[in-house]
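Before any comments, here is the structure.
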């Protein structure tokens, strides 16, 4: 952390206090305390990491979920300075006692409060949910920015997908993810997120350097030719049809039984199965699996001319 409280109650901010000799003297004479939990912290003035304060025991503070890496600290600092240059009312590590949260960056804009969380390590969905819902209940918008070290590209338009990324999606004006790499000083915006499976997704990625990018630019719509999605999806789907049995594992036994029941092979899948849907990230099941069951069992067993309602489909999906 960059901020701590002195014995006299004043805050000390290591992003602005750069007099090393004075800081070393203070470190000899004073103790410093966490602004959230009140426990003693140590002033670190090394050369490998940004100057910072650290708890003697990381798990002693409820507002810290992980030990901060140099990558995370540098990224958090750059995000703070990037917003500061645009004249935002912004704080770093601003403690919110009401919900016992300390977002990496806190912004107040046009009467709105926004918490920006910079996530560079794997975090459980339970922890993500808890932190997100606590912000929502306090009327604070939360934006998850993922560390660039978490972006795993498979090719130009395909990336590895995870529950962490699904939970971090921004939904407006289109589903997208924001990554930030402090080494490159650049945002990576992945738009048109369309899951192909539970761990692979289509995305259109653009790179936005911090020195030429504003907040409005970062959150604006991304132009894109949807024909590219169609071409890439068809190529990926053909590969899947030809290699489905070797790709699938025991998690897909129910689908394999369904195919056997209907005497259908993956290669002869109806084209209606495996439709690209941006909303597919809401399902924890492989899109091919739930679409196959919906098509073959739910719709396929209806007689020609029968009507089907949205309520019927929704109730079937919930089973």
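Numbering (UniProt numbering), first residue to last: 1 to 319.
In this text, a Cβ means the ideal position worked out from N, Cα and C, and glycines have one as well.
- A contact is defined here as three or more CB-CB pairs under 8 Å, and the segment 136 to 150 meets this definition with respect to the segment 181 to 195.
- Just so you know, the alpha carbons of residue 156 and residue 204 end up roughly 8 Å apart.
- When C-alpha distances from residue 312 are compared across 294, 114 and 166, the shortest belongs to 294.
- Straight-line measurement puts the Cα of residue 24 at about 40 Å from the Cα of residue 218.
- For the 7 Å CB-CB criterion, residue 119 and residue 144 form a contact.
- At a Cβ-Cβ threshold of 7 Å, residue 15 and residue 33 do not count as neighbours.
- Residue 305 has its alpha-carbon roughly 47 Å from the corresponding atom of residue 141.
- The C-alpha of residue 307 lies about 20 Å from the C-alpha of residue 273.
- With contacts defined by Cβ atoms closer than 7 Å, residue 198 and residue 286 form a contacting pair.
- Where residue 287 is concerned, the enclosing alpha helix (DSSP H) starts and stops at 287 to 293.
- By the C-beta density criterion, residue 276 is buried, having at least 16 other C-beta atoms within 10 angstroms.
- 7 Å or more divides the Cβ of residue 159 from the Cβ of residue 221.
- Residue range 125 to 137 is occupied by the alpha helix (DSSP H) that includes residue 132.
- Ranked by how close their Cα comes to the Cα of residue 256, the residues 281, 290, 234 and 231 have 290 in first place.
- Under the three-state reduction of DSSP, residue 5 is assigned to strand.
- It is roughly 22 Å from the alpha-carbon of residue 175 to the alpha-carbon of residue 113.
- For residue 76, there is no enclosing beta strand (DSSP E); the residue is found in the alpha helix (DSSP H) stretching over 70 to 85.
- In this chain, residue 108 is not harboured by any alpha helix (DSSP H); it is covered by the beta strand (DSSP E) spanning 105 to 109.
- The continuous beta strand (DSSP E) containing residue 176 extends over residues 176 to 181.
- Separation of residue 167 and residue 56 (C-alpha to C-alpha, rounded to the nearest whole angstrom) is 31 Å.
- With a 10 Å radius around the Cβ and a threshold of 16 neighbouring Cβ atoms, residue 190 comes out buried.
- Excluding sequence positions up to five before and after residue 210, its CB lies within less than 6 Å of the CB of 82 and 185, all in the same chain and listed in chain order.
- Within the UniProt domain "Competence protein CoiA-like N-terminal" (16 to 62), the complete alpha helix (DSSP H) segments of 4 residues or longer fall at 20 to 29, listed in chain order.
- Sequence-distant partners of residue 7 (beyond 5 residues in either direction) whose C-beta falls short of 7 Å from its own C-beta, in its chain, are 30 and 31.
- DSSP places residue 273 in the coil class of the three-state scheme, outside both helix and strand.
- For residue 147, the three-state secondary structure derived from DSSP is strand.
- Contact annotation: residue 97 and residue 117 have beta-carbon atoms that are not nearer than 7 Å.
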